[in-house]
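A short write-up of the structure that comes next.
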Amino acid sequence: MSVLVTVKVAADVELFQKSLDARGDEFVAISQRGKAAGAIHHEFGVGPDYVLVIDEWDTAENFEAFFTSPELQAFIPTIGGDTSVPPEITFATALDSLDKF
1 MSVLVTVKVA
11 ADVELFQKSL
21 DARGDEFVAI
31 SQRGKAAGAI
41 HHEFGVGPDY
51 VLVIDEWDTA
61 ENFEAFFTSP
71 ELQAFIPTIG
81 GDTSVPPEIT
91 FATALDSLDK
101 F
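What follows is the structure in structure tokens.
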């Protein structure tokens, strides 16, 4: 079974949204590294003062190794992430159900 992961990062949401367009090639490169490391699904959402990452990974350990990599940790503050506040990370085992889509 795969694992669902949510990461809530305190952030400058305006800078983050601008970075998605201005630095799209960097986001794509990181996405490719995530896929190679075990990511199955990935998307972003934003709230008033945070970025929400919603992922599905093959294992929690692979996600943790990817997320804690020095390269990704250096990238996060350059796109608006506030690294002075620890991110809120949750893990849940993905389930198959008849209503899944």
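Start counting the sequence shown at 1; every next residue gets the next number (full-length UniProt numbering).
Every residue gets a Cβ at the ideal spot worked out from N, C-alpha and C, and that includes glycine.
The structure displayed is predicted, hence computed values, not measured ones.
Coarse secondary structure for Ala36, derived from DSSP in three states | DSSP places Ala36 within a helical segment (H, G or I) once states are collapsed to three.
Among Ala94, Glu88, Ala92, which one has its Cα closest to the Cα of Tyr50?
-> Taking only the C-alpha atoms, the option nearest Tyr50 is Glu88.
Under a three-way DSSP split, which group does Ala92 fall into?
-> Strand.
Pull up the CB-CB distance for Phe91 and Val28, whole angstroms please, since I reckon it's below 8 Å.
-> Not confirmed; about 25 Å, so no contact.
Arg23 and Ile79 closer than 8 Å at C-beta = Taking 8 Å as the Cβ cut-off, Arg23 and Ile79 qualify as a contacting pair.
Taking the alpha carbon of Ala65 as the point to measure from, which residue in Thr93, Val85, Lys35 has its own alpha carbon closest?
-> Here the closest residue by C-alpha is Lys35.
Within 8 Å (strictly less), CB to CB, does Ile30 reach chain C?
-> In the displayed structure, chain C is absent; only one protein chain is listed.
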